[in-house]
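Chains A and B supply the protein sequences, listed in that same order. For the first sequence, our numbering assigns the number 7 to the initial residue and increments by one for each residue that follows. For the second sequence, our numbering assigns the number 7 to the initial residue and increments by one for each residue that follows. All residues carry an ideal CB built from backbone N, CA and C; glycine is no exception. None of these values were measured; they are calculated from a predicted model. Notes for the one structure printed next.
2 protein chains.
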Amino acid sequence: MALRVLEIIFFFYFASHIPITLLIDLQALLPGHVYPQPLRDLLSWYAEEFKDPMVLDPPHWFKSFVFCEAVLQMPFFPIAAYAFLKGGCTWIRTPAILYSTHVATTLIPILAHILFHQFPTKPHPGPQTDRERWLLVSIYAPYLLVPLLLLLTMLLSSKYNSASKAGSTSGKAKKKN
Amino acid sequence: MALRVLEIIFFFYFASHIPITLLIDLQALLPGHVYPQPLRDLLSWYAEEFKDPMVLDPPHWFKSFVFCEAVLQMPFFPIAAYAFLKGGCTWIRTPAILYSTHVATTLIPILAHILFHQFPTKPHPGPQTDRERWLLVSIYAPYLLVPLLLLLTMLLSSKYNSASKAGSTSGKAKKKN
Chain A
7 MALRVLEIIF FFYFASHIPI TLLIDLQALL PGHVYPQPLR DLLSWYAEEF
57 KDPMVLDPPH WFKSFVFCEA VLQMPFFPIA AYAFLKGGCT WIRTPAILYS
107 THVATTLIPI LAHILFHQFP TKPHPGPQTD RERWLLVSIY APYLLVPLLL
157 LLTMLLSSKY NSASKAGSTS GKAKKKN
Chain B
7 MALRVLEIIF FFYFASHIPI TLLIDLQALL PGHVYPQPLR DLLSWYAEEF
57 KDPMVLDPPH WFKSFVFCEA VLQMPFFPIA AYAFLKGGCT WIRTPAILYS
107 THVATTLIPI LAHILFHQFP TKPHPGPQTD RERWLLVSIY APYLLVPLLL
157 LLTMLLSSKY NSASKAGSTS GKAKKKN
């Protein structure tokens with residue numbers, strides 16, 4: 007069933023986001039000594055390979071998103087992973103709508119920055135050519151596309167919008183699957 | 007009734023946002039010749055008085071938000087203004103949740119930028135002192151606070167969360183006011 011496939015996609019998205027946030031993204035926010043050298047090397051390799059200066063020298067506006075990731079989103083990841091692994095948990099609908107709208111919104115300025123900003127080449131090189139810009143866009147794009155898919159699923163799926171949600175029981179409520 | 011007071015606040019917020027977006031905010035996106043000189047002078051006066059360089063020389067990440075305002079939010083303003091003037095329009099709940107989450111999210115990087123960025127003094131001066139930074143924060147803060155108030159109202163108000171929303175009628179549904 008198509009909905010179950012989507013739920014599994016969402017499970018993997020949220021489950022994988024936990025180590026990604028903890029081990030990679032939060033390096034932009036926390037002092038370097040918190041992380042073992044191999045992880046710091048991994049981040050440096052990524053930033054150089056994909057020409058992403060934002061993770062090494064984040065502008066304050068970008069850093070505010072990492073802060074949101076740590077404080078608002080991290081607690082949600084295991085809850086959402088559980089809900090979509092289990093499937094059919096209509097109580098996840100409103101939190102998922104809030105999460106997906108929030109995250110999709112954060113990707114808009116990030117992608118605009120990647121596509122249009124005149125990046126310096128030092129101390130941390132940013133993308134200079136169209137090819138480099140679109141490669142970096144492709145790294146961030148899943149964090150726009152999966153949340154949008156999640157939002158559409160929560161808004162349009164009959165299972166997540168049945169009258170029996172919110173725990174109310176009604177003799178006339180239709181249950182569609 | 008407290009809910010009606012909130013609805014009137016939301017009406018004025020959305021109704022006032024229409025001219026603010028069209029006449030002020032969109033100047034950051036559209037060519038200067040689109041606007042008559044008095045409006046351009048108004049924007050210049052504001053930018054100098056409140057030391058807001060973002061409206062005169064917007065970074066691409068900021069410009070992406072103005073684009074969202076024009077394309078995603080503008081069509082919503084008159085609809086939301088009507089709904090909250092009329093009152094009790096439960097169909098506005100989900101769109102209002104999407105709007106308020108989106109806009110509150112956009113304010114996070116903007117406020118971080120105002121509070122922490124090292125602004126140049128030329129060609130367009132940015133805030134340098136704490137006092138100047140907090141003054142500029144106070145200009146933008148309503149666009150965080152009212153959306154958050156709207157979000158909480160949509161999530162917590164019994165009227166906007168009654169089982170009779172979404173047009174389903176149930177003999178056992180409770181209607182709370």
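Sequence-distant residues of its chain with Cβ nearer than 8 angstroms to Lys182(B) (five each side left out): With a pLDDT of only 44 at Lys182(B), under the threshold of 50, the placement of this residue in the model should not be trusted; the figure read from the coordinates follows. Result list for Lys182(B): Ser164, Lys165, Ser168, in chain order.
Contacting residues, own chain, Cβ-Cβ under 6 angstroms from Cys95(A) (five flanking each side not counted): Ala89
Closest Cα partner of Asp58(B) within the set Leu141(B), Pro42(B), Tyr105(B), Leu150(B): Leu141(B)
Under 7 angstroms from the C-beta of Cys95(B): neighbouring residues of chain A: None at all; the shortest Cβ gap to chain A is about 18 angstroms.
Where the stretch 23-40 of chain A meets chain B: residues whose CB sits under 9 angstroms from a CB there: Against chain B - using a Cβ distance shorter than 9 angstroms - the stretch 23-40 of chain A contributes no residues.
Residues of its chain near Ile103(A), where Cβ-Cβ distance is below 8 angstroms and the 5 sequence neighbours each way are ignored: Leu157, Met160, Leu161
Residue range of the unbroken alpha helix (DSSP H) whose run includes Lys92(A): 82-92
Nonlocal neighbours in the same chain, by C-beta distance under 7 angstroms from Ile24(A), ignoring five residues either side: Phe83, Pro84
Cβ-based burial, Phe68(B) [other Cβ within 10 Å; buried from 16]: buried
Extent of the continuous alpha helix (DSSP H) run through Phe74(B): Here residue 74(B) is Cys; the residue named in the question, Phe, does not match the sequence. 66-74 is the extent of the alpha helix (DSSP H) around Cys74(B).
Where Thr127(B) falls, given that 16 or more other Cβ within 10 Å makes a residue buried: exposed
Pick from Val11(A), Phe17(A), Thr27(A) that is closest to Leu86(A), judged by C-alpha positions: It should be noted that the sequence gives Ala, not Leu, for residue 86(A). Here the closest residue by C-alpha is Phe17(A).
Residues near Leu32(B) in its chain [Cβ-Cβ closer than 8 angstroms; skip 5 each side]: Val72, Glu75, Ala76
Outcome for Leu49(A) when other beta-carbon atoms lying within 10 angstroms are tallied against a minimum of 16: buried
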